[in-house]
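Colleague:
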Amino acid sequence: MKVVVKLCVLLALINIACGKPNVPDSPFPAYDHIVVVFFENHEFDSVINCPDAYYFKELISDPHTALFTHSYALTHPSQPNYIMFFSGENQGVTTTDRPPTSFTTPNLAAQLVDSGYTFVTYSEGLPYPGFDGDTYGRYARKHNPVANWMGPLKNQVDSALNQPFTAFPTNYNELPTISFVVPDLDNDMHDGPISLGDAWLRTNLGAYAEWAKTNNSLLIVTFDEGNYEPDGNHIVTFFTGDHIVGGSYDEIINHYSVLRTLQDIYNLPHCGNTKTHYPIQSVFEERER
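Mind the numbering: the sequence shown is residues 36 to 324 in my numbering, read in order.
1. Does chain D have any CB closer than 8 Å to the CB of Gln114?
2. Using a 10 Å radius around the Cβ and a threshold of 16 neighbouring Cβ atoms, would you call Asp132 buried or exposed?
3. Between which two residues does the beta strand (DSSP E) holding Phe103 run?
4. Leaving out five residues on either side along the sequence, give the residues of the same chain with a beta carbon under 6 Å from the beta carbon of Phe203.
5. Spatial neighbours of Thr139 within its chain, please: CB distance less than 7 Å, with the 5 preceding and 5 following residues excluded, ordered by chain position.
6. Under the three-state reduction of DSSP, which class applies to Pro59: helix, strand or coil?
7. Kindly list the residues whose CB is nearer than 6 Å to the CB of Asp226, restricted to its own chain and excluding five residues on each side of it in sequence; keep chain order.
8. When you compare only the Cα positions, how much space is there between Ile95 and Gly241?
9. With a Cβ-Cβ cutoff of 8 Å, do Glu159 and Val70 count as a contact?
10. Find out if the Cβ-Cβ distance for the pair Leu27, Phe63 is shorter than 8 Å.
11. Could you compute how far the alpha carbon of Ile300 sits from the alpha carbon of Ala65?
12. Spatial neighbours of Arg322 within its chain, please: CB distance less than 6 Å, with the 5 preceding and 5 following residues excluded, ordered by chain position.
13. My output table needs one value for Leu188: the three-state DSSP class, helix, strand or coil.
14. Using only the alpha-carbon positions, how far apart do Asn268 and Asn262 sit?
15. Distance check for Asp149 and Asp87, CA to CA, integer angstroms please.
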C-alpha cells in the first residue's frame, strides 16, 4: 500500500513539473460538439401542449432526451436573457436597444478560445460573417450575443465567430466545440407560430440531433424567455444526444445553470452569476472512474 501511495504522489509531481495539473475526474462527458438552439417567447405549457409541436414532442419522448420540467428564463425582454446565458450577467442591458459599446467582460466564447476549444454562433439571415448591423431582413442582432464581444481587446473575439446559418457544417465532425444557433424572427417563434419553429428544427437540426446520439455530441434546445404570462418565465429546455439518461427532471434550472454546466464540461472559469449556480449533473450517464 505504501508503495502505491508513493507512486501516485510521484506521478502527481511529474504531472505538475510537466505543466499538467492533477485534475480530478470530471462527472461530465467530454463532448466533442454541443449545439445550443434558441427559440422565443413561449411558456412551457404552450409548447408542450401545442398539437402542432410534432418534432418537439418526438425529441422529448426520445430515450436520449432529458426534459427539464422546471426551467426558467431570467428576465424580460429577450436581449438580456441571451447576454446572461452567454456571459453570466446582463452587462447592464435591460432592454432590446443595442448596447452603446462593445463588452470586454468574460464570456463563453472567449473562455473556450482561450482554453484551446472553438466556438461559433450561426444566425439565420445574417448577411455575411461578422455583420454588426442591428437588423437584416428577419435577422435581429439583439438575439445574437456574440456580436457584443467582437473586437481585438481582452475577452473579445474575432468577428469570424459570428457566422450566417448557411455556414453550419453538413459534416458535423467539422462543428466547433460549442455553437449557438439562432433562427430568424419567424422561425424562432418570435413572430411565427410554434408549428413553424417546430418544422424548422426538424428540417435544419433533425439530422444533427440523430447523429449526436452516437457521436459523443449534444443538442440543447431552449427558449430565451416566456411570453409575459403569469407563469414565472417557465420555459422549455431539454438536452438530447449521447450520454444522456432520458426522462423528465424536476430540478429547478435557469440560463445560468446551463451556462455553468457548459463551463464545467470543458473545465472553464466561472463568470458572473455562474459562480453561485450549480451545474446540471443528474442527466448524464455515470462515468467510470
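Just so you know, even glycine gets a beta-carbon here, dropped at the ideal spot from N, CA and C.
Quick caveat, the model's predicted, so the values are computed rather than measured.
Modeller: In this structure, then:
1. Given the protein chain composition of this structure (a single chain), no chain D is represented.
2. For the purposes of this step, residue 132 is identified with residue 97 of the sequence shown, where counting begins at 1. It is exposed - the Cβ of Asp132 has fewer than 16 other Cβ atoms within 10 Å.
3. Taking the first residue of the sequence shown as 1, we reach residue 103 at position 68. According to the DSSP assignment, Phe103 belongs to the beta strand (DSSP E) that extends over 100-107.
4. The sequence position of residue 203 within the sequence shown is 168, counting from 1. Only Tyr157 meet the Cβ criterion.
5. The residue you call residue 139 lines up with position 104 of the sequence shown. Taken in chain order, the residues that qualify are Leu188, Lys189, Asn190, Gln191.
6. The residue labelled residue 59 in the question sits at position 24 within the sequence shown. Unreliable placement is indicated for Pro59, whose pLDDT of 45 sits below 50; the coordinate value is still reported in the next sentence. In the three-state scheme derived from DSSP, where H, G and I count as helix and E and B as strand, Pro59 is classed as coil.
7. Here the question's residue 226 lines up with position 191 in the sequence shown. Around Asp226: Leu220.
8. The residue labelled residue 95 in the question sits at position 60 within the sequence shown. The residue labelled residue 241 in the question sits at position 206 within the sequence shown. Roughly 13 Å between the two C-alpha positions.
9. Within the sequence shown, residue 159 is the residue found at index 124, counting from 1. Within the sequence shown, residue 70 is the residue found at index 35, counting from 1. Cβ distance not < 8 Å, so Glu159 and Val70 don't count as in contact.
10. Only positions 36 to 324 of the chain appear in the structure, and residue 27 is not among them; the question remains open.
11. Along the sequence shown, read from residue 1 onward, the residue named residue 300 stands at position 265. Along the sequence shown, read from residue 1 onward, the residue named residue 65 stands at position 30. Ile300 and Ala65: Cα-Cα distance of roughly 7 Å.
12. Here residue 322 corresponds to residue number 287 of the sequence shown, with the count starting at 1. Once the five neighbours on either side are set aside, Arg322 has no close Cβ partner at all.
13. By 1-based counting over the sequence shown, the position of residue 188 is 153. Coil.
14. By 1-based counting over the sequence shown, the position of residue 268 is 233. By 1-based counting over the sequence shown, the position of residue 262 is 227. Near 7 Å, if we compare the C-alpha coordinates of Asn262 and Asn268.
15. Sequence index remark: in the sequence shown, residue 87 carries index 52 (1-based). Sequence index remark: in the sequence shown, residue 149 carries index 114 (1-based). Looking at the two C-alpha atoms, the distance is approximately 42 Å.
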